[in-house]
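Asks: Residue numbers (the working numbering), protein chains in the order written: chain Z, 108 to 322; chain G, 108 to 322.
Even glycine gets a Cβ: it sits at the ideal position worked out from N, Cα and C.
I'd like to ask some things about the structure below.
There are 2 protein chains.
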Amino acid sequence: MSETKNIQRDILPEPTLRRLPWYLAYVRLLDNLHVETVSSTQISKELNVDASQIAKDLSFLNIKGKTRIGYDVHSLVKELDNFLGFKKKHSAIVIGAGSLGAALMQDVGLTQYGLNIVAGFDVDSKVIGSSVCNIPIYDIEELAERQKQYNASIAILTVPVEHSQAAADIAIKSGIKAIWNFTPFRIKAPANIVIANTSIYAHLAIIYNRMDLKK
Amino acid sequence: MSETKNIQRDILPEPTLRRLPWYLAYVRLLDNLHVETVSSTQISKELNVDASQIAKDLSFLNIKGKTRIGYDVHSLVKELDNFLGFKKKHSAIVIGAGSLGAALMQDVGLTQYGLNIVAGFDVDSKVIGSSVCNIPIYDIEELAERQKQYNASIAILTVPVEHSQAAADIAIKSGIKAIWNFTPFRIKAPANIVIANTSIYAHLAIIYNRMDLKK
């Protein structure tokens, strides 16, 4: 990766990072249908995103569209996949192997997006010692020790809300670099820890409210 | 609900709707610990949201804080729960009973947030006719017919990305009012249909990128 590329990567805004996977999903479909080229105007029509925005988002990538032809579909898929980090393996652990946690351990989709779940941790003696899709579930008390072996960088947090902060603290102490927080609790963490909040329940509030408006 | 309240509800901005469940998660913890009152300053410190923003967000609710005392915790929990729609039952179907879809069918958390999943639909003969946590899985071809019985308002979309639009179209035809889209595809739908996108894979791109920055 060139120095210029790193600088570009540094300033990548979150909205761009949210849109790039949409483009990827769409151009991957085209690629599967053996479509060879695609213009930002076409992507724009399909995804309802401004064409100039798409061109701007894609300018962060190491790929150029050709005038009146557009982007090479296959190269665009590869470039997006690499750029978004989906082709690299990122080791992760799940903390809280309940219904949602176990679900994520089973989700092959995550593997396709570069996430490699290596272990689960829980406090419940009924699940400790068992496994989900060959991924072992250990006692949370073993986390620090097991981390020496796994050295996972991402902790997926799917514990009950009242244990969120304590579980995050344990994860951070064991060397975790990022916390993917599925609880509705706002985790506090040192500035060098990446926190991503995916509170699926909060999305329900938005759905309910918008449905009421459209009645 | 008074007319004024309805007007307030109409203009509720999405960022507010995203923050209110955070407040709920926190004050519910306090309630469980039998804490009686909480100020917006306290919530602010705990959740790292500006106190004036919290007061503004909570002003949409039918609850008033008392000067120098703050909000009554128990009332705030109840009011937030009701206001966010978590206490009403919303019928939902899952389209695509694969790993993520089946996971959501098992997640008791969703029930606690007012989502009642009544049926799943799939194309795979291996899962059609089976059930997950007593929720039956039917052939997707039966969706329209089954909807006459269920009259679900929300479709949870967890199909492979290439089937997203087709599955959404079938759901909308059968009378679905809202689509909770877990695929990375941008669904097109008439203006009266609520679309909420929860592309968990897109969050991975953000995590990977931010981790690279902090290296």
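Mind checking who residue 228 of chain G pairs with in its DSSP beta bridge?
Replies: G/202 and G/245
Asks: Do you know how far the Cα of residue 271 of chain G is from the Cα of residue 291 of chain G?
Replies: 9 Å
Asks: Do the CB positions of residue 212 of chain Z and residue 227 of chain Z come within less than 7 Å of each other?
Replies: yes
Asks: Find the residues of chain Z that neighbour residue 178 of chain G, judging by a C-beta separation of less than 8 Å, and give them in chain order.
Replies: What residue 178 of chain G touches in chain Z: nothing, since even the nearest Cβ is about 18 Å away.
Asks: Identify the continuous alpha helix (DSSP H) that holds residue 302 of chain G and give its terminal residues.
Replies: Premise fails: residue 302 of chain G lies in the beta strand (DSSP E), 301-304, not in any alpha helix (DSSP H).
Asks: Helix, strand or coil for residue 146 of chain Z per DSSP?
Replies: coil
Asks: Leaving out the 5 sequence neighbours to the left and right, which residues in its chain are closer than 8 Å to residue 109 of chain Z when beta-carbon positions are compared?
Replies: Low local confidence applies: a pLDDT of 36 at residue 109 of chain Z is under 50, so the model's placement there is unreliable, with the coordinate-based value given in what follows. Result list for residue 109 of chain Z: empty, nothing under 8 Å.
Asks: What is the rounded straight-line gap between the Cα of residue 294 of chain G and the Cα of residue 176 of chain G?
Replies: 47 Å
Asks: Assuming residue 182 of chain G and residue 161 of chain G form a contact by the criterion Cβ under 8 Å, report the distance between their Cβ atoms to the nearest whole angstrom.
Replies: Contact flag wrong, Cβ pair sits at about 16 Å.
Asks: For residue 167 of chain Z, which residues in chain G fall below 7 Å Cβ to Cβ?
Replies: Result: empty, since nearest Cβ-Cβ is about 10 Å, beyond 7 Å.
Asks: According to DSSP, is residue 325 of chain Z part of a helix, a strand, or is it coil?
Replies: Outside the modelled stretch of chain Z, which goes from 108 to 322, sits residue 325 of chain Z, for which no answer is possible.
Asks: Find the residues of chain G that neighbour residue 260 of chain Z, judging by a C-beta separation of less than 8 Å, and give them in chain order.
Replies: 318
Asks: Name the DSSP beta bridge partners of residue 223 of chain G, please?
Replies: G/198
Asks: What are the residues that DSSP puts in a beta bridge with residue 173 of chain G?
Replies: G/177
Asks: Using only the alpha-carbon positions, how far apart do residue 278 of chain Z and residue 179 of chain Z sit?
Replies: 42 Å
Asks: Less than 8 Å between the CB atoms is what I'm expecting for residue 222 of chain Z and residue 265 of chain Z, so what's the real figure, rounded?
Replies: About 14 Å separates the two Cβ atoms, so there is no contact after all.
Asks: Within the same chain, show all residues whose beta-carbon is closer than 8 Å to that of residue 288 of chain G, passing over the 5 residues directly before and after it, in chain order.
Replies: 264, 271, 275, 294, 302, 303, 304, 305 and 306
Asks: With distances taken between CB atoms, is the gap from residue 125 of chain G to residue 309 of chain Z smaller than 7 Å?
Replies: Judged by beta-carbon spacing, residue 309 of chain Z lies within the 7 Å limit of residue 125 of chain G, meaning their Cβ atoms are closer than that value.
Asks: Name the DSSP beta bridge partners of residue 298 of chain Z, please?
Replies: Partner(s): none; residue 298 of chain Z has no beta bridge.
Asks: Tell me the DSSP bridge mates of residue 261 of chain G?
Replies: G/199 and G/285
Asks: When the Cα of residue 224 of chain Z is compared with those of Z/249, Z/240, Z/230 and Z/198, which residue comes out closest?
Replies: Z/198
Asks: Would residue 190 of chain G and residue 168 of chain G qualify as a contact pair, given that the criterion is a beta-carbon distance under 7 Å?
Replies: Going by C-beta atoms, residue 190 of chain G is nearer than 7 Å to residue 168 of chain G.
Asks: If I'm right that residue 187 of chain Z touches residue 133 of chain Z with Cβ under 8 Å, what's the distance once you round it to whole angstroms?
Replies: Under the criterion of beta carbons closer than 8 Å, residue 187 of chain Z and residue 133 of chain Z do not qualify as touching, at roughly 10 Å.
Asks: Please name the residue in G/153, G/273 and G/282 whose C-alpha comes closest to that of residue 257 of chain G.
Replies: G/282
Asks: Can you find a CB in chain Z that lies within less than 7 Å of the CB of residue 308 of chain G?
Replies: yes
Asks: Tell me which same chain residues have a C-beta within less than 8 Å of the C-beta of residue 329 of chain G, skipping the five on either side of it?
Replies: Given a span of 108 to 322 for chain G in the structure shown, any question on residue 329 of chain G remains unanswerable.
Asks: Less than 7 Å between CB atoms is the rule here; does residue 191 of chain G satisfy it with respect to chain Z?
Replies: yes
Asks: In this structure, how does DSSP classify residue 271 of chain G when only helix, strand and coil are distinguished?
Replies: helix
Asks: Report buried or exposed for residue 231 of chain Z, applying the criterion of at least 16 other Cβ atoms within 10 angstroms of its Cβ.
Replies: exposed
Asks: Can you give me the C-alpha to C-alpha distance between residue 318 of chain G and residue 262 of chain Z, rounded to a whole angstrom?
Replies: 13 Å
Asks: Assuming residue 316 of chain Z is part of the alpha helix (DSSP H), what are its boundary residues?
Replies: 307-320
Asks: Buried or exposed, going by whether 16 or more other CB atoms sit within 10 Å of the CB of residue 254 of chain G?
Replies: buried
Asks: Can you find a C-beta in chain G that's less than 7 Å from the C-beta of residue 214 of chain Z?
Replies: A Cβ of chain G is located within less than 7 Å of the beta carbon of residue 214 of chain Z.
Asks: One question on the structure: do residue 333 of chain Z and residue 312 of chain G come within less than 7 Å of each other, judged by their Cβ atoms?
Replies: Only positions 108 to 322 of chain Z appear in this structure, which leaves residue 333 of chain Z out of reach.
Asks: Can you list, in chain order, the residues of its chain whose CB lies under 8 Å from that of residue 239 of chain G, leaving out five sequence neighbours each side?
Replies: 204, 209, 212, 213 and 227
Asks: Taking 7 Å as the CB-CB limit, is residue 299 of chain Z close to chain G?
Replies: yes
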